[in-house]
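Residue numbers (UniProt numbering): 1 to 189. First comes the structure, then the notes that go with it.
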């Protein structure tokens, strides 16, 4: 059975690539809003967006950030990362810039969005979160690598193990018994 995760990504630029990940079937995520539905949520303001994120993330086992060329610069992606961290959700990243878009074009390598979310005690969320960088020089090869090596179970388990292994500062435990470093974030500008 597929793990239920929350997908975080740059909608305008990467929705087509995200659909490829969804079709792999390894992860079961929140419904991906179409452009009109997302505009409706945005029209209601920041509080409505935050509520939508919280509602969608509430019963998910983890958060998967699908990283494209401009994902790190998206304020709502940074909010989702901070919210997940503060709420003890395992996080993992998958680079998707090498997947083709609807026009058959791949994209450029983007910054790590986890490094844009600072922890109150120092460092960033990026110090604790694994990012899978698929191998391959073609979209087909990247797709095959993600499908073979980017499975939900493998990535999410390694993300949890990485958090356990590297969490050496103020430790807090969540209900699953997984320990994490101090969970308060502040966003870097």
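All C-beta atoms, glycine included, are put in the ideal place defined by N, C-alpha and C. These figures come from a predicted structure and were not determined experimentally.
Sequence-distant residues of its chain with Cβ nearer than 7 Å to residue i (five each side left out)
{"i": "residue 11", "result": "38"}
{"i": "residue 48", "result": "41"}
{"i": "residue 36", "result": "none"}
{"i": "residue 72", "result": "110, 111, 112, 113, 116"}
Extent of the continuous beta strand (DSSP E) run through residue i
{"i": "residue 95", "result": "91 to 95"}
{"i": "residue 117", "result": "117 to 119"}
Same chain only: Cβ atoms within 6 Å of residue i, ignoring 5 sequence neighbours per side
{"i": "residue 68", "result": "10, 13, 14, 96, 97, 107, 110"}
{"i": "residue 136", "result": "142, 145"}
{"i": "residue 24", "result": "147"}
{"i": "residue 123", "result": "none"}
Residue of the options minimising C-alpha distance to residue i
{"i": "residue 113", "options": "76, 149, 105", "result": "76"}
{"i": "residue 63", "options": "124, 8, 140", "result": "8"}
{"i": "residue 88", "options": "122, 57, 18", "result": "57"}
{"i": "residue 82", "options": "44, 70, 100, 128", "result": "128"}
{"i": "residue 55", "options": "122, 84, 99", "result": "84"}
{"i": "residue 104", "options": "140, 73, 70, 134", "result": "140"}
{"i": "residue 70", "options": "116, 138, 42, 50", "result": "116"}
{"i": "residue 20", "options": "46, 102, 90", "result": "102"}
{"i": "residue 125", "options": "90, 100, 99", "result": "90"}
{"i": "residue 34", "options": "72, 74, 99, 16", "result": "16"}
{"i": "residue 118", "options": "50, 86, 36", "result": "86"}
{"i": "residue 50", "options": "73, 78, 121, 72", "result": "78"}
{"i": "residue 80", "options": "99, 121, 46", "result": "46"}
{"i": "residue 138", "options": "72, 53, 100, 43", "result": "100"}
For residue i, the residue or residues it bridges with in DSSP
{"i": "residue 190", "result": "Residue 190 cannot be examined here, being either before or after the span of the chain that is shown, 1 to 189."}
{"i": "residue 138", "result": "For residue 138, which the question treats as bridged, DSSP gives no partner whatsoever."}
{"i": "residue 131", "result": "93"}
Beta-carbon proximity list for residue i, same chain, < 8 Å, skipping 5 on both sides
{"i": "residue 132", "result": "92, 93, 94, 95, 146, 149, 150, 155"}
{"i": "residue 18", "result": "7, 9, 32, 66, 96"}
{"i": "residue 52", "result": "41"}
{"i": "residue 74", "result": "10, 113"}
Chain C within 8 Å of residue i, Cβ atoms only
{"i": "residue 149", "result": "In summary, chain C is missing from the structure at hand, where a single protein chain is found."}
Next item on the list: Only counting runs of 4 or more residues, tell me where the alpha helix (DSSP H) segments fall wholly within the UniProt domain "Thoeris protein ThsB TIR-like" (6 to 100), in order along the chain.
Entry: Here the runs fully enclosed are 11 to 24, 35 to 43, 46 to 57, 75 to 86.
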